[in-house]
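> Numbering (my numbering), first residue to last: 68 to 482.
For every residue, glycine included, the Cβ atom is placed at its ideal position computed from N, Cα and C.
What follows is the structure in structure tokens.
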């Protein structure tokens with residue numbers, strides 16, 4: 068069961084490689100530290116964080132500059148670069164918005180708005196016109212509806228929840244109501260297409276490219292939706308969003324495994340039976356970031372103890388227990404963020420060690436450019452569900468590094 072499109076599917080790699088061989092690729096509550104608006108400018112950021120933000124700027128400007136609406140290519144360099152993989156995964160676009168808002172400068176806010184406007188544009192011009200966002204697009208300038216090219220048409224609620232959160236963040240920062248309307252449209256789509264009454268309730272995974280409903284339910288998705296619906300409740304004052312948040316939270320709590328001190332990844336296709344075949348990192352760190360509930364603090368410890376990886380000079384965690392052959396830097400960053408915010412004995416030191424190793428990778432690891440963060444310390448690091456991470460520079464991993472370095476919690480409004 069894929070949580071949502073973050074790892075790169077093997078079929079996509081093979082397809083892109085075949086295309087590249089035949090011709091050139093297309094050009095192509097409580098929260099973490101909440102910064103006061105405009106408090107932090109680029110000059111105030113630590114040098115490694117400033118370089119990471121510069122990488123996001125460069126990726127954003129690969130195909131257009133200024134106020135031109137555009138999404139951001141997710142990966143560059145390494146094997147994915149050689150294969151001509153240029154997709155913009157909407158989960159990554161949402162994270163970049165969060166990272167820019169955390170950086171806090173007027174220039175960063177302006178860039179966040181450009182991406183937010185692009186997300187609203189693709190939402191408004193989706194063929195179904197029902198509020199959905201697809202999993203990935205080509206990162207070309209969005210100068211007209213004809214410029215929109217969907218590269219992964221999956222309508223999965225995980226990606227959409229992250230986009231909805233980012234749009235809600237932009238509304239909270241700017242007061243521009245189109246962002247709030249876009250976030251609410253995503254929320255309404257999820258309620259209409261994914262609300263589920265089986266077992267502990269919650270929401271299913273969304274729709275396949277052919278419009279078939281995913282029968283399973285993901286704990287990660289429901290964590291994301293809980294955060295989105297809670298933001299919408301706060302920003303709209305509409306109690307219906309609080310009820311919808313509670314429906315997602317009910318499912319998340321039901322997926323707690325107290326004997327192991329971790330969350331199940333979700334259910335099998337029956338929507339009831341816990342899926343115990345996959346043991347990923349993010350469900351445990353994200354649950355703490357989103358819930359901030361002392362009853363589930365053991366989930367963070369589970370990740371530290373059971374997913375630890377040492378790869379040469381580097382330490383961190385893998386994506387899942389089934390492949391601990393390399394460091395997954397995105398997950399290492401959001402685990403660091405969770406540790407910083409938990410602030411238990413030894414947490415700050417562990418988080419600092421993780422961030423130090425990410426900085427080392429930023430400056431010295433194979434595939435580095437001194438600015439961005441590679442997705443993984445090796446190629447073909449498995450997500451234990453048939454997809455893979457690569458030693459290619461990644462906007463998502465870089466954005467999480469920025470968030471963790473600033474102790475920013477994207478599951479709450481970043482003021």
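Grab me the residues of residue 414's own chain with a C-beta within less than 6 Å of its C-beta, minus the 5 sequence neighbours each way, in chain order.
Counted from its first residue, the chain shown places residue 414 at position 347. The residues are 406.
> The alpha helix (DSSP H) with residue 293 in it runs from where to where?
By 1-based counting over the chain shown, the position of residue 293 is 226. Note, residue 293: alpha helix (DSSP H), 286 to 303.
> Under three-state DSSP, which class holds residue 461?
As a working note, residue 461 is residue 394 in the chain shown. In this structure, residue 461 counts as strand in the three-state DSSP scheme.
> Can you give the beta carbon distance from residue 442 to residue 456, rounded, assuming they're within the 8 Å contact cut?
By one-based count along the chain shown, residue 442 stands at place 375. By one-based count along the chain shown, residue 456 stands at place 389. Indeed they touch by this definition, with Cβ atoms about 5 Å apart.
> Have a look at 479, 462 and 210 and flag the residue whose alpha-carbon is nearest the alpha-carbon of residue 162.
Position 95 of the chain shown holds residue 162. Nearest option by C-alpha distance: 462.
> Where residue 488 and residue 388 are concerned, what is the direct C-alpha to C-alpha distance, given to the nearest angstrom?
Because the chain spans 68 through 482 in this model, residue 488 falls outside it and cannot be assessed.
> Measuring alpha carbon to alpha carbon, tell me which of 377, 354, 238 and 150 ends up nearest residue 366.
Mapped onto the chain shown, residue 366 falls at position 299. Among 377, 354, 238 and 150, the Cα nearest to that of residue 366 is on 354.
> Is the distance from the Cβ of residue 400 to the Cβ of residue 471 below 9 Å?
Against the chain shown, residue 400 aligns to sequence position 333. Against the chain shown, residue 471 aligns to sequence position 404. Result yes, Cβ atoms of residue 400 and residue 471 sit closer than 9 Å.
> For residue 144, tell me which candidate among 224, 200, 440 and 342 has the shortest Cα-Cα distance.
Here the question's residue 144 lines up with position 77 in the chain shown. When only C-alpha atoms are compared, the closest one is 440.
> Determine which residues share a DSSP beta bridge with residue 203 and list them.
In the chain shown, the residue the question calls residue 203 occupies position 136. Answer by DSSP bridge pairing, in chain order: 156 and 219.
> Tell me where the alpha helix (DSSP H) around residue 378 begins and ends.
Along the chain shown, read from residue 1 onward, the residue named residue 378 stands at position 311. Looking at the DSSP string, residue 378 is not in any alpha helix (DSSP H); the run it does join, the beta strand (DSSP E), is 375 to 378.
> Spell out the partners DSSP gives residue 324 in its beta bridges.
Here residue 324 refers to the residue found at position 257 of the chain shown. Partner(s): 329.
> Taking 7 Å as the limit between beta carbons, can you name the residues of its chain near residue 425, skipping five residues before and five after?
For the purposes of this step, residue 425 is identified with residue 358 of the chain shown, where counting begins at 1. Closer than 7 Å at the Cβ level, and outside the excluded window around residue 425, lie 396, 399, 400, 440 and 468.
> How big is the Cα-Cα spacing for residue 130 and residue 167?
Numbered from 1 along the chain shown, position 63 holds the residue referred to as residue 130. Numbered from 1 along the chain shown, position 100 holds the residue referred to as residue 167. Spanning the two alpha carbons is a distance of roughly 19 Å.
> Quick one: grab the DSSP three-state call for residue 134.
To locate residue 134, count along the chain shown from 1; it is residue 67. Looking at residue 134 - three-state DSSP - the assignment turns out to be coil, as it is neither helix nor strand.
> Measure the Cβ-Cβ separation of residue 223 and residue 273 and say whether it is below 9 Å.
Reading the chain shown from its first residue, position 156 is the one you call residue 223. Reading the chain shown from its first residue, position 206 is the one you call residue 273. Yes. Within cutoff.
> In the region 230 to 278, which residue ranges form an unbroken alpha helix (DSSP H) of at least 4 residues, counting only runs that do not cross its ends?
The region 230 to 278 contains these whole alpha helix (DSSP H) runs: 244 to 261.
> How is residue 447 classed by DSSP in three states: helix, strand or coil?
Residue numbering aside, residue 447 sits at position 380 when the chain shown is read from its first letter. If DSSP states are grouped into helix, strand and coil, residue 447 belongs with coil.
> Assign residue 173 to buried or exposed, taking buried as 16 or more other Cβ atoms, counted over all protein chains shown, within 10 Å of its Cβ.
Here residue 173 refers to the residue found at position 106 of the chain shown. Residue 173 should be labelled exposed.
> As a quick exercise: from 138, 297 and 150, pick the residue whose alpha carbon is nearest that of residue 308.
Locating residue 308 in the chain shown gives position 241, counting from the first residue. Minimum Cα distance to residue 308 is reached at 297.
> Tell me whether the beta-carbon of residue 123 lies closer than 9 Å to the beta-carbon of residue 209.
One-based indexing of the chain shown puts residue 123 at position 56. One-based indexing of the chain shown puts residue 209 at position 142. Cβ distance not < 9 Å, so residue 123 and residue 209 don't count as in contact.
> What does the alpha-carbon distance come out to for the pair residue 230 and residue 204?
Looking up residue 230 in the chain shown gives position 163. Looking up residue 204 in the chain shown gives position 137. Roughly 14 Å between the two C-alpha positions.
> Any heavy atom of the ligand COA closer than 8 Å to the CB of residue 351?
You won't find the ligand COA in this model; it holds no ligand whatsoever.
> Determine contact between the region 281 to 291 and the region 314 to 327, defined as no fewer than three beta-carbon pairs at a distance below 8 Å.
Counting Cβ pairs under 8 Å, three or more are found: they touch.
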